[in-house]
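First up is the structure itself, then whatever we jot down about it.
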Amino acid sequence: MTQCAHRLLELLVAHGIETVFGIPGVHTVELYRGLPDSGLRHVTPRHEQGAGFMADGYARATGKPAACFIISGPGMTNIATAMGQALADSVPMLVISSVNRRDTLGRGQGRLHELPDQQHTLSGVSVFSHTLQTPEALPEVLGRAFAVFKSARPGPVHIEIPLDVMALPAPETRPRIAEVFPPTAPDAALAWAADWLADAERPLVLLGGGCVAAGDAVRTLVERLDAPAMTTINAKGVLGCDHPLDLGACASLPAGRELARHADVVLALGTELGETDYDLTFDGGFHLDGRLIRVDIDAQQLARNQAADLALLADVGEVALGLLERLPHQATREGAARVADTRAALALRDAEDVAPYADFLDTLREALPNATIVGDSTGPVYAGNFITEMPAPRRWFNSATGYGTLGYGLPAALGAALGVPERPVIALVGDGGLMFTLGELATARDSGVPLAIVIWNNAGYGEIRRYMDAQDVPRLGVDLPAPDFVTLAKSLDCYGVRVSTPAALHQALQASRQAPGPTLIDVEAHQWSA
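Using full-length UniProt numbering, you'd call the opening residue of the sequence shown number 1 and step up by one each time.
Put into structure tokens, the structure is as follows:
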């Protein structure tokens, strides 16, 4: 009979898992006994939060989940922040952890890594959290996890295995891996939605992260409707670059809100209509007065934030194809002209919060035009959320939405680079956020991927500093001297360079593709000059 821990590895491979992020510990060593012969790639971060962020970046870049092997207790509380970000942004992630023996759970005996109720603690940052009581239940519980990843609103799933269960024998049965399909909308609902859209005079399409796997169908539908489209940050690239119907993430801005308010029919595809995409000014000013059609794979999401007139619980791609069948003729509604007028009114590149970063962001795209850019919460990322365009989805994502954590950029970019090694990857971070997970620079070195780490160095928490100034709050805790990042990079056998002009940044980015590991590019924000 095979041990439960070894059986887990076999099932992960059968379900298509290729990469595991984890730090071995005394409570998880049994997971590592068979790992060298499993065919799984193992990456060792320097902190469990880094493991979660790497799995997040890997999944966003590839569309496939990775697994994390995490010790009980502090390992799980360390990864909880990364799980919270993934839950907020609907990112699949399988977190496998140890937990104390079954006969000790909940007894408060002060055992190593003991939490009063680890499963309950982690349930708040996961789609579900399950304690495996017997090896026989392992295929069923993993099947539930992958059913969520494939057919529901994805997010982190946590499975904890008690130490005594990990070593128990597991049945030798051939794994049955189900082909799982997401829900589809009934014909009557599709016909109803198509009739509304066909009769609309001023339609608007809202594209969320639920569209990234259905880019071709969604783009064709937007063009068939000749309708302006607002794309959330997680949907950036769904319509490609310079699309005449793409308004980008402008729903929080006056001109975008004006257009949305006057739309007579709004089609919202795979978007939660949440605050960090639609109300960044936090004033509740985004309103839809027209009829709202919502399409989402999560039934509860259909009723949140904006009440729908017609709600379809279904996969976005299937709905887009169904609507295209029922809308055979190209509409003519001057959609491109409406977009052009709105763009002119927005004047985003001249906006106070955007203009200082415009040439910096242009340089990133010009130097590495096919790069995936993974960001932290920092000024250039906020500006790029408005003005940076991408040729395809899964090329621009960051932690500035939803949960809004710091420390995401470097490890998530490394996860992306491991998932799509054929494509350049840029970690776009601030000096303050980078300090949260700076240790993962060593993991990037170990991995040997040519990752460009671009630091917008403004000596502290620049965005919070600016917000304090705007609110007339005394600056406290935000002016923090940064270390010498270039010297630090060299101490870890990484290449480091300091730049302050677009030309120097361009050169450093191109050179990073030839490096045998990460390149850290320290951009002196206060000296930056175009």
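Just so it is clear, CB atoms sit at the ideal spot from N, CA and C, and this is done for glycine as well.
Opposing strand residues paired with Phe21 [DSSP bridges]: Val43 and Cys68
Pro45 CB to nearest heavy atom of the ligand FMN below 8 angstroms: With respect to small molecules bound, the structure shown includes none, and the ligand FMN cannot be examined in it.
Residue interval of the beta strand (DSSP E) (run including Thr372): Thr372 to Gly375
Nearest neighbour of Gln49, chosen from Glu463, Ala299, Arg326 and Gln85 [CA to CA]: Gln85
Three-way DSSP call (helix, strand, coil) for Gln471 in this model: Three-state result, Gln471: coil.
Separation of Ser72 from Phe128, as counted between CA atoms: 17 angstroms
Integer-rounded CB distance, given that Leu410 should sit under 8 angstroms from Thr437: About 5 angstroms separates the two Cβ atoms, so the contact holds.
Beta bridge counterpart(s) of Thr128 as assigned by DSSP: Contrary to the premise, residue 128 reads as Phe rather than Thr in this sequence. DSSP output for Phe128 lists Val157 as bridge partner(s).
Identity of the residues DSSP links to Asp246 by a beta bridge: Ala229
C-beta atoms of Gly517 and Asp493 nearer than 9 angstroms: yes
Option in Ser98, Leu321, Asn78 and Gln527 with minimal Cα separation from Leu221: Answer by Cα proximity: Leu321.
Range covered by the alpha helix (DSSP H) that runs through Ile521: Segment Thr519 to Glu524 is the beta strand (DSSP E) holding Ile521; no alpha helix (DSSP H) there.
Local conformation of Ile293 per DSSP, three classes: strand
In chain order, each alpha helix (DSSP H) run of at least 4 residues that lies wholly inside the segment 349 to 396: 358 to 367 and 379 to 387
Glu318, buried or exposed, once every other Cβ within 10 Å from all chains shown has been counted against 16: A residue is called buried when at least 16 other Cβ atoms come within 10 angstroms of its Cβ; Glu318 meets this threshold and is buried.
Coarse secondary structure for Thr2, derived from DSSP in three states: strand
Under 9 angstroms between C-beta atoms of Phe282 and Glu272: no
At least three beta-carbon pairs within less than 8 angstroms, the segment 322 to 340 to the segment 210 to 229: The segment 322 to 340 vs the segment 210 to 229: in contact.
C-alpha distance - Pro244 paired with Ile70, whole-angstrom precision: 46 angstroms
Nearest neighbour of Ala251, chosen from Gly270, Leu206 and Gln306 [CA to CA]: Leu206
Rounded C-alpha distance that separates Asp199 from Met166: 60 angstroms
Residue environment, Glu140, which counts as buried when at least 16 other CB atoms sit within 10 Å: exposed
Ala459 and Asp479 closer than 9 angstroms at C-beta: Ala459 places its beta carbon less than 9 angstroms from that of Asp479.
Length of the line joining the Cα atoms of Leu418 and Pro474: 43 angstroms
Through-space distance from Cys241 to Val425, alpha-carbon basis: Between Val425 and Cys241, the C-alpha separation is close to 18 angstroms.
Residue(s) in a DSSP beta bridge with Gly496: Leu520
Collapsed DSSP secondary structure at Gly462 in the structure displayed: helix
Endpoints, beta strand (DSSP E) assigned at Trp528: No beta strand (DSSP E) holds Trp528; DSSP gives it neither H nor E.
Same chain, Cβ closer than 8 angstroms to Gly63, neighbours up to 5 away in sequence not counted: Val212, Ala213 and Arg394
Member of Pro380, Gly439, Val420 and Glu389 whose CA lies at the smallest distance from the CA of Leu428: Pro380
Unbroken alpha helix (DSSP H) run spanning Leu346, endpoints: Gly335 to Leu346
Ser90 (DSSP reduced to helix, strand or coil): coil
Contact between the segment 119 to 135 and the segment 175 to 193 (3+ Cβ pairs under 8 angstroms): By the C-beta criterion, the segment 119 to 135 is judged not to be in contact with the segment 175 to 193, since fewer than 3 inter-stretch pairs fall below 8 angstroms.
Close beta carbons around Gln527, own chain, < 8 angstroms, minus the five adjacent residues each side: Ser500
Local Cβ density within 10 Å of Gly384, reported as buried at 16 or more and exposed below that: buried
9 angstroms Cβ cutoff, Met468 in contact with chain B: Included in the structure is just one protein chain, with no chain B present.
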